[in-house]
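**Q** Take a look at the following structure, please.
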Amino acid sequence: MFRDRIDAGRLLALKLRKVVNGKDFVVAGITRGGVVIAKKIADYFKFPLFPLVVKKLSPPNNSEFAIGAIGPKKTVYWDKDYVRRFKISRKYREGAVKNKSKEVERLEKLLRSEKKSPDFKNKKVIVVDDGVATGATVICASKFLKKEKAELIILATPVIAQDSFSYIKKYFDMVIALKKSRDFSSVGQFYVNFGQVENKEVIKILGN
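Remember, the working numbering sits 1 above the position in the sequence shown when you count from 1.
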């Protein structure tokens, strides 16, 4: 169990030492909690840090469960198995994407301030999140970075569900996790302190 996101970020940076070679890397922290961990990694290696705004897409009446995700430039991922299991209609999906895309754009504008969008072309990108349950959010991030023609995409996370680890490996060049768990109910169960990260904390971390 990790004390908090900062503790997890420190341990994850040490783990990444074995696979990170060279200086042409950037760190992309998935908002919001992933940015806290990404900051520790970026500082450790002295790599540039960028926020990656990705919002989960959830079934009706279960806002915490991700059956898909939407990221920058309207990049959308739906888990087809979950869509079938929850009997999600096309109309519902279209509505969810429309609503969440507005949230993504608002948060990007807030976090980026006057800065331009980062250029990931030909970059080696370390995608960081504070935990991976279904994997929808990080898969969406991977889809976006591939569209941006990133050279290499590494997923780094303190904890990941074992089933998700087996499934999402094909979306990344490498997946680095400190813990793979078969008993996974929520990311917060693996942290002593797992408070909600607010926008103002992310803005402070990014130095905007």
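Yeah, the Cβ is synthetic: ideal placement off N, Cα and C, and Gly gets one too.
Here the structure is a predicted model, which is why all the values come from computation and not from measurement.
Taking the continuous beta strand (DSSP E) assigned at Gly189, which residues delimit it?
**A** For the purposes of this step, residue 189 is taken as residue 188 along the sequence shown, with counting starting at 1. That residue, Gly189, is in no beta strand (DSSP E); it is neither H nor E in DSSP.
**Q** Quick check on this structure: which residue in Ala137, Lys92 and Tyr192 has the alpha carbon closest to the alpha carbon of Pro159?
**A** Counting from one through the sequence shown, the residue named residue 159 turns up at place 158. With distances taken between Cα atoms, Pro159 lies closest to Tyr192.
**Q** Who are the Cβ neighbours of Pro49 in its own chain at under 6 Å, not counting the five residues just before and after it?
**A** Position 48 of the sequence shown, counted from the start, is the residue given in the question as residue 49. Excluding residues within five positions, the ones whose Cβ falls inside 6 Å are Val27.
**Q** Identify the continuous beta strand (DSSP E) that holds Phe26 and give its terminal residues.
**A** Position 25 of the sequence shown, counted from the first residue, corresponds to residue 26. Run containing Phe26: Phe26 to Ile31, per the beta strand (DSSP E) assignment.
**Q** Just to confirm the assignment, what range does the beta strand (DSSP E) spanning Ile127 have?
**A** Residue 127 sits at position 126 when you count from the first residue of the sequence shown. Looking at the DSSP string, the run of the beta strand (DSSP E) that includes Ile127 is Lys125 to Val129.
**Q** Report all residues from its chain with a CB closer than 6 Å to the CB of Val55; omit the five preceding and five following residues, and keep chain order.
**A** Position 54 of the sequence shown, counting from 1, holds the residue named residue 55. The answer, listed in chain order, is Ile31, Ala70, Gly72, Thr138, Cys141 and Ala142.
**Q** State yes or no: is the C-beta of Asp42 within less than 8 Å of the C-beta of Ala157?
**A** Counting from one through the sequence shown, the residue named residue 42 turns up at place 41. Counting from one through the sequence shown, the residue named residue 157 turns up at place 156. Position check: residue 42 holds Ile in this sequence, whereas Asp was assumed. The answer is yes: Cβ separation under 8 Å.
**Q** Buried or exposed: which applies to Glu149, given that a residue is buried once 16 or more other Cβ atoms fall within 10 Å of its Cβ?
**A** The residue you call residue 149 lines up with position 148 of the sequence shown. When all chains shown are included, Glu149 counts as buried.
**Q** Might you give, ordered along the chain, the residues of its own chain that have their beta carbon closer than 8 Å to the beta carbon of Thr135, omitting 5 neighbours on each side?
**A** For the purposes of this step, residue 135 is taken as the residue at position 134 of the sequence shown. The residues are Phe66, Ala67, Ile68, Asp80, Tyr83, Ala162 and Ser165.
**Q** Please return the same chain residues whose Cβ sits closer than 8 Å to the Cβ of Leu146, not counting the five positions on each side in sequence.
**A** The residue labelled residue 146 in the question sits at position 145 within the sequence shown. Correct list, in chain order: Ala29, Phe121, Val126, Val128 and Ile154.
**Q** Let me make sure I understand the geometry here. Which of Arg33, Phe173 and Pro60 has the alpha-carbon closest to that of Leu53?
**A** Residue numbering aside, residue 53 sits at position 52 when the sequence shown is read from its first letter. Closest option to Leu53, Cα to Cα, is Arg33.
**Q** Shortest alpha-carbon distance to Gly35 belongs to which of Arg85, Leu15 and Asp5?
**A** As a working mapping, residue 35 is identified with position 34 in the sequence shown. When each option's Cα is compared against that of Gly35, the closest is Asp5.
**Q** List the DSSP bridge partners of Arg153.
**A** Indexing the sequence shown from 1 puts residue 153 at position 152. The question names Arg, but residue 153 in the sequence shown is Leu. DSSP, once it has assigned bridges, lists Lys125 as partnering Leu153.
**Q** Quick one: which unbroken beta strand (DSSP E) runs of 3-plus residues sit fully inside the region 3 to 68? Chain order, please.
**A** For the region 3 to 68, whole beta strand (DSSP E) runs of length 3 or above, ordered along the chain, are 26 to 31, 50 to 53 and 56 to 58.
**Q** Mark Val176 as exposed unless 16 or more other C-beta atoms lie within 10 angstroms of its C-beta, in which case mark it buried.
**A** Counted from its first residue, the sequence shown places residue 176 at position 175. Burial call: buried.
**Q** Please list, in chain order, all residues of the same chain as Asp174 whose beta carbon is under 8 Å from its beta carbon, the five residues on each side excluded.
**A** Position 173 of the sequence shown holds residue 174. Correct list, in chain order: Leu153, Ile154 and Ile155.
**Q** Can you tell me whether Ile1 is helix, strand or coil according to DSSP?
**A** This structure cannot speak to residue 1, because the chain is shown only from 2 to 209.
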